[in-house]
Amino acid sequence: MWLPIRIDEQRPEPLYHQIEVQLRGLILGGQLKEGTLLPSIRELAVSLKCSAITVRRVYQDLENEGLIRTRQGTGTFVAGVGAVQRDEHRLERVTEEMEKAIELGLQLQCAPEEIETAFRQALHRKSKERGGDVT
Amino acid sequence: MTVANMEAAISLRGMKLQHERFALGPIDCDIPKGMVTAIVGPNGSGKSTLFRALLGLEPILSGEAEVLGTPLNGNQEDQYKSRIGFLAENPHAHENHLAADEKAKFASRWYPGWDWEKYRKLLRHFDVDGGVRLSKMSKGMRRKAELSIAMAHDPELLMLDEPSSGLDPFAWKTMLQELGRYMEPGDRTLVLATHILEEIKRLADYILFIYRGKVLGLYEKDRLLDDWRTIVVQIEYARKDGSEMLQRTPGFQGLTEAGPGLYRLEVDEPERGEAYCRDNGFQVLAVQRMDLEDILSCLIRKEEARR
């Protein structure tokens, strides 16, 4: 099976980290459902042009986190993910992205109040675009 | 050079060979089982000689060599070779008059694991007519036929010397697929000598750099590509000690002056290297991953400086 994972060689993060973050996102985001059979280590390595060692490391990490399960002889499957875990992941992702934006703001010498205002305005605008009514 | 926690398919300890015009070694390295190792080096580095030595075709002058658990001491039985598949760099002229199927028939007697079904599948996938004489085939066609024969007994160790030479891009893709499939069970070992960087990127887990008969290093490929970076830095022109200071950068590998006060620095500890540059008053203009070619030439420059 093909996984929508992209490696960006311009990014400074190591390959295994890039793959791990994206695969974790696919599982916690619900794009990969419980019980889905993942590609074998070699298959994924060939398709991502990375080494089997890197993929094995990713699978091991995610298995330790309880997100995937390996059954001897049959392959690696997506494990069941609790609603709590999924919510936590959602918030983590959002926080991460917001931190990046805040970092940029501070770098550009914005005052905290200015950043807050910008955040509120952006939230308001985006919600309106989507037809919501968050104020 | 050893790889931690890994069973070795090939283990060399101070192995040395001597030809009339060419000396190989001493080589120390363990090629891990279950992995793909690409042997990379300029022409004439000794890649083909190394393969011949592993097949027991070159007398070993000193040191030790073990292939699939069999020590090569000159008295080894030929049996270990039936667990190896080998594709030589150049086709053998004495097989020119054979059709691919006839060569396969010879091979089937020698390899206990020979599988006609697998052979025919490989030929079909590579789109080769096994009834045609090897000498009548185009270079790429013959390559595909010989590769099918080398793989048809599902060897524990597959050694390929420039496998893709002569292959068109479609055949090349098919070869990558077949080699991926070959590695799938996880206990097979593939060693290939190649100049094609894309092939190395797609297939290799480890890279063995060799140069002038010596091993420059055995590296985990992704670590190599993650760790090696070029850092472009700038410092006021008036400062004369720039290059001296940069040579003390953590993970320093190479340095070229690109202009007045402008340097291209090569490091294999990118974070510490970058921090060092900033702490010493350099302005970091760009940080980039390095290509395998650049890494290899950097290693060669270092080796040359040592000689």
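Protein chains in written order, with my numbering: chain H, 1 to 135; chain D, 1001 to 1307. All residues carry an ideal CB built from backbone N, CA and C; glycine is no exception. Remember, predicted model here, so these are calculated numbers, not experimental data.
- Query: With which residues is D:G1259 paired in a DSSP beta bridge?
  - Reply: D:L1262
- Item | Residues near H:G105 by beta carbon distance below 6 Å, same chain, minus five either side | I115
- Would you kindly report the start and end of the unbroken beta strand (DSSP E) that includes D:F979? With chain D covering 1001 to 1307 only, the question about residue 979 of chain D has no answer from this structure.
- Task: Sort D:F1022, D:T1037 and D:G1056 by Cα distance to D:N1043 and report the nearest one.
- Result: D:F1022
- Message: I'd like to confirm the pairing. Which residues does DSSP put opposite D:A1286 in its beta bridges?
- Response: D:V1232
- Just mark D:Q1177 as buried or exposed, buried being the case when its beta carbon has 16 or more other beta carbons within 10 Å. exposed
- Pick out whichever of D:G1186, D:V1191 and D:R1202 has its Cα sitting closest to the Cα of H:S40. D:G1186
- Assumed close pair D:G1063, D:P1026 - CB separation to whole angstroms, cut-off 8 Å: 6 Å
- Cα-Cα separation between D:R985 and D:H1195, rounded to whole angstroms: It is not possible to answer for residue 985 of chain D, since the shown part of chain D is limited to 1001 through 1307.
- Message: Let me confirm a value: D:D1030 is counted as buried when at least 16 other C-beta atoms fall within 10 Å, else exposed. Which label applies?
- Response: buried
- Message: Please classify D:H1094 as buried or exposed, where buried requires at least 16 other C-beta atoms within 10 Å of its C-beta.
- Response: exposed
- When the cut-off is 7 Å and only beta carbons count, does D:G1180 lie next to chain H? yes
- Task: Answer with yes or no whether the minimum CB distance from D:D1101 to chain H is below 7 Å.
- Result: no
- Determine the chain H residues that contact D:M1151 at a beta-carbon separation under 8 Å, and present them in chain order. Within 8 Å Cβ-Cβ: nothing; D:M1151 doesn't reach chain H, min ~16 Å.
- Message: With the cut-off set at 7 Å, would you say D:L1208 and D:T1037 are in Cβ contact?
- Response: yes
- Message: Classify D:Q1247: buried if its beta carbon has 16 or more other beta carbons within 10 angstroms, exposed otherwise.
- Response: exposed
- Could you have a look at D:C1298 and say whether DSSP puts it in helix, strand or coil? helix
- Query: Using a beta-carbon distance cut-off of less than 9 Å, what residues from the segment 1199 to 1224 of chain D approach chain H?
  - Reply: K1201, R1202, L1203, A1204, D1205, Y1206, E1220, K1221, D1222 and R1223
- Message: Short of 8 Å Cβ to Cβ, which residues in the segment 50 to 65 of chain H face chain D?
- Response: C50, S51, A52, I53 and T54
- Mind checking whether the beta-carbon of D:P1185 lies closer than 6 Å to any heavy atom of the ligand ADP? Because no ligand of any kind appears in the structure shown, any question about the ligand ADP cannot be addressed here.
- Message: When you compare the CB of D:D1294 with every CB in chain H, is at least one pair closer than 7 Å?
- Response: no
- Item | Beta bridge counterpart(s) of D:Q1247 as assigned by DSSP | DSSP output for D:Q1247 lists no bridge partner at all.
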